[in-house]
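Visitor: This is the structure, below, for whatever I ask next.
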Amino acid sequence: MVTVVCLHKLPTTPYPEMTLISNDPTWLPFIIVSFTVVVYDWVLTFGQEFELVWKQRWSFMTVLYICVRYMGLSYSVIIVLWSLPFSITDAVGLIVYFISAWIPIVVNAMLGVIMMIRIYAMYGRPKKMLVFLVVVLLSSTIASGVMTAIGNVGVSAEELLLFGYHACLIESDTNKEDLNNETMIPTTIWEILAFILAVWIVIKHFHQLRQSPTGSTIGDCFTVLIQSHAFYFAAFAIVACFSLGLLSTYIRYSSSVGSAVYVGFFGIGQVLQMFVLGPRLILSIREYYAKLVAMPDEGISMMSIDFQAGGDVEHSHSDQR
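In structure tokens, the structure reads:
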């Protein structure tokens, strides 16, 4: 059996290149935990997923859910296999490196679309709000993508036999390395704005509908929306703080146990935010809507936001006795 070793150049190195091992065994316990979290959540919610996603008429939101959920499962499996003590070629190491660099950009963009559609529906679907949300989200996504592309220009991989061990070394320019962690800044601006908009409209609706006969139904709907959004935003905020902390050379280039633990918790938080709480943004509201439709009571006016056809649709209906 071959084992991969870990080498890091010190932050004070005079060379403008950073060298790191692509499959560092120090992170393996944290990667296993991340994999376990994703798989456990998928198994736990598969019954809901089957009833609320696979058995329903497909829509744009369905596609987004499936992409986020199963990209998460695939990504977790790839990272686990990548981290096992097996010899890998430089080409494979480079491919997995780029996957790990671009997956957060792609997934956060899809989660941003989900959030945008939710907010658009909560505000009553005005065209000006849609244009504003699209412009902000698109700007954030493009900025993150450009920063990631620039930050990974010139990245190369090399397969070495070092002290009897096979190692896959990833080399990149340290002058551009910070951009990979700074990609969270545009995404953070979008997430903060989205959360503020969601909280504002929820407060406004609760105030306006306090005396409304349908207030209870609408209140429950908006409670589900803001609860799932709050949990997601809290996880994202933690991940963003960890990501900004990686800008410190003493954390990023250190081979200490504390540095490895820091990076490990960052990885767990990122997986939790994207692949666990992300899909639940859709599952939570679909579960609420399914319970609302199944209510036996008649003669009440109901208003809800659902993800059943073509995205979020704000609608109202009533049954007369």
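Note that the sequence shown covers residues 7 to 327 in the numbering used here.
Here a beta-carbon is modelled for each residue, glycine too, at the ideal position from N, C-alpha and C.
Since we're looking at a predicted model, the values are computed, not measured.
1. Could you tell me whether the region 236-245 touches the region 149-167, where touching means 3 or more Cβ pairs closer than 8 angstroms?
2. Cβ of Leu143 within 8 angstroms of Cβ of Met122?
3. Have a look at the DSSP bridge pairing and note the partners of Ala236.
4. Measuring straight from C-alpha to C-alpha, what distance separates Ile191 and Lys210?
5. Among Gly264, Val74, Trp196, Gln214, whose alpha-carbon lies nearest the alpha-carbon of Val140?
6. For the putative contact between Gly157 and Asn186, defined by C-beta atoms under 8 angstroms, what is the C-beta separation to the nearest angstrom?
7. Would you report the Cα separation of Glu183 and Thr147, rounded to the nearest angstrom?
8. Where are the alpha helix (DSSP H) runs, 4 residues long or more, that stay fully inside the region 95-166, in chain order?
9. Here's the rule: buried if 16 or more other CB atoms are within 10 angstroms of the residue's CB, otherwise exposed. What is Ile285?
10. Whole angstroms is fine: what's the gap from Phe248's alpha carbon to Tyr268's?
11. What's the gap between the Cα of Ala300 and the Cα of Ala204?
12. Between which two residues does the alpha helix (DSSP H) harbouring Arg286 extend?
13. I'd like to know if the region 99-119 and the region 73-84 are in contact, where contact means that at least 3 CB-CB pairs between them fall below 8 angstroms.
14. Just to confirm the assignment, what range does the alpha helix (DSSP H) spanning Trp64 have?
15. Could you give the first and the last residue of the continuous alpha helix (DSSP H) run that contains Trp33?
16. Using a 10 Å radius around the Cβ and a threshold of 16 neighbouring Cβ atoms, would you call Gly305 buried or exposed?
17. Is the region 270-284 touching the region 37-55 in the sense that three or more CB pairs, one from each, lie closer than 8 angstroms?
18. Any heavy atom of the ligand NAP closer than 7 angstroms to the Cβ of Arg292?
19. Taking buried to mean at least 16 other C-beta atoms within 10 Å of its own C-beta, is Leu90 buried or exposed?
20. Please classify Arg216: does DSSP put it in a helix, a strand, or coil?
21. Use the C-beta contact count for Phe52: other C-beta atoms within 10 angstroms, 16 or more gives buried, fewer gives exposed.
22. Do you know offhand how far Gly99's Cα is from Phe36's?
23. On a Cα-Cα basis, can you pick out the residue from Thr193, Cys73, Arg63 that is closest to Ala246?
24. Run through DSSP, which three-state label would Thr42 get?
25. I think Arg124 touches Leu215, with their Cβ atoms under 8 angstroms apart; what is that distance to the nearest whole Å?
26. To the nearest angstrom, report how far apart Pro132 and Gln62 are at their CA atoms.
27. With DSSP as the reference, label Leu231 as helix, strand or coil.
28. With the cut-off set at 8 angstroms, would you say Val102 and Ile84 are in Cβ contact?
29. Confirm, please, whether the CB-CB distance from Thr189 to Thr229 is below 8 angstroms.
30. Is the beta carbon of Val44 closer than 8 angstroms to that of Leu277?
31. Inspect the beta-carbon positions of Ile111 and Ser150 and report whether they are closer than 8 angstroms.
32. Applying the criterion that 16 or more other CB atoms from any shown protein chain within 10 Å of the CB defines a buried residue, is Glu55 buried or exposed?
33. For Phe384, which residues of its own chain have a beta-carbon under 6 angstroms away from its beta-carbon, when the five flanking residues on both sides are left out?
34. Where does Ser80 fall in DSSP's three states?
Guide: Reading it off the structure:
1. no
2. yes
3. For Ala236, which the question treats as bridged, DSSP gives no partner whatsoever.
4. 29 angstroms
5. Trp196
6. 4 angstroms
7. 19 angstroms
8. 96-128, 133-157
9. In the sequence under discussion, the amino acid at residue 285 is Pro, which differs from the Ile named in the question. The residue in question, Pro285, is buried, as its Cβ has 16 or more Cβ neighbours within 10 Å.
10. 8 angstroms
11. 27 angstroms
12. 284-299
13. yes
14. Run containing Trp64: none; DSSP gives neither H nor E here.
15. From DSSP, Trp33 is part of no alpha helix (DSSP H); its letter is neither H nor E.
16. Any reading at Gly305 is ruled out, since the residue's pLDDT is 37, under 50, leaving its predicted position unreliable.
17. yes
18. With respect to small molecules bound, the structure shown includes none, and the ligand NAP cannot be examined in it.
19. Result: exposed.
20. Arg216 falls in the coil class under three-state DSSP.
21. exposed
22. 19 angstroms
23. Selected option, being the one with the closest Cα: Thr193.
24. Helix, per DSSP.
25. Between Leu215 and Arg124 the Cβ distance is about 18 angstroms, and since that is not below 8 angstroms, they are no contact.
26. Spanning the two alpha carbons is a distance of roughly 27 angstroms.
27. helix
28. yes
29. no
30. As written in the sequence, residue 277 is Val, which differs from the Leu given in the question. In terms of Cβ geometry, Val277 and Val44 form a close pair [threshold 8 angstroms].
31. yes
32. buried
33. A query on residue 384 cannot be resolved here, the shown segment of the chain reaching from 7 to 327 and no further.
34. helix
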